[in-house]
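Here the structure is laid out as structure tokens; the discussion comes afterwards.
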Amino acid sequence: MNQKPGSGPRSYLTVFLLAVLMGLNYALFVFPNAFAPAGINGIGTMLQYLFHFSLGYLSLLINVPLIVFAWKRLDPDYARKSLLYVLTFSAVTLLLGKLDLSAIAYNTGYSKLLGPVAAGCVSGFVYGVVIRNNGSTGGTDIVAAWVRKKHPSFNLIWVIFTMNAVVAAASYFVYGYQFEPVLLCLIYCFLSSRIGDAMLKGGKSALKFEVVTKQPEELSARLMRELHHGVTMLRAEGMYSASPTSLVVCVVNRHQVVRFQEILSEFPGCFAYVSSVNETVGRFDRNARTGANL
């Protein structure tokens, strides 16, 4: 029996390693450069800066009640992975806080942008992969998951934006009444969200062609023989001409677009349009490699 995506022991190991990576990310890129990242951890980072109370403890205090809530109201597997992430991240943060990392920590100095850029890229990668493994990084992720369950159509963009805006505005006062921490926080948020979104969409992107044609059998045979992808044919009717026609649907790799267009040029009278596919599942890649037809 095939396991669903994000299940199995490997997913727990993945979440553990990503939490270690995020702890290193904070120790090496965030803390040395005096700026606050996004969300709950951004607030915790500012409290650590002001009161020297470790983010590791703050993360536990905030997230453990949320994880208990997630266990009862959401999904036990999701809650377990979130707990694993939070415990590991907190432990790594506390451990690294006792070490002298000045020799390897990246202090940007005059180049203020590089620290948040590096931290935001790592954060986005971690966030995207953890979510794909049915876990979370805690904090607002758990709240967002609960809101989506209760109100699937609810738009959380403004909630997340408001939280990040509050963190960015507060950093102006926390870090010596300067605008630089505000800008660094915004850069971090932008990169983290964009890369996280790309990770969630997956790396198996493709293009979907839909072709209106009166020669569906010949066109399908050419596409399957030369591009090694399956083709779906639907019977259709042209409303303008009131004549029967066919709609041929084929999903191909991006590098095959030119060859697809060359094949279409040999079938005069057809009409085609193309759209992006964020991710493919099933035998799509294997078909392309081995030449198997569906």
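Residue -13 is where the sequence shown starts when you use my numbering, and the numbers rise one by one after that.
Yeah, the Cβ is synthetic: ideal placement off N, Cα and C, and Gly gets one too.
Delimiting residues of the beta strand (DSSP E) encompassing residue i
i	result
residue -5	First-last for residue -5: -5 to 11, but that is the alpha helix (DSSP H), not the beta strand (DSSP E).
residue 230	229 to 238
residue 197	192 to 199
residue 260	257 to 263
residue 222	218 to 224
Element boundaries [alpha helix (DSSP H), containing residue i]
i	result
residue 109	100 to 118
residue 59	41 to 59
residue 31	25 to 37
residue 209	202 to 213
residue 135	126 to 136
Beta-carbon proximity of residue i to residue j, cut-off 9 Å
i	j	result
residue 232	residue 245	no
residue 8	residue 108	yes
residue 185	residue 115	yes
residue 53	residue 26	no
residue 237	residue 176	no
residue 110	residue 45	no
residue 129	residue 67	no
residue 154	residue 171	yes
residue -5	residue 101	no
residue 124	residue 78	no
residue 11	residue 91	no
residue 131	residue 24	no
Backbone secondary structure at residue i - three-state DSSP
i	result
residue 274	For residue 274, the predicted structure reports a pLDDT of 44, less than 50, and the residue's modelled location is therefore unreliable. A value from the coordinates is still provided. Note: residue 274 maps to helix in three-state DSSP.
residue 92	coil
residue 154	helix
residue 76	helix
residue 22	coil
residue 62	helix
Alpha-carbon to alpha-carbon, residue j and residue i
i	j	result
residue 22	residue 83	17 Å
residue 256	residue 205	10 Å
Pick from the options that is closest to residue i, judged by C-alpha positions
i	options	result
residue 201	62, 249 and 3	249
residue 151	120, 29, 216 and 181	29
residue 234	210, 218, 71 and 42	218
residue 16	87, 69 and 56	87
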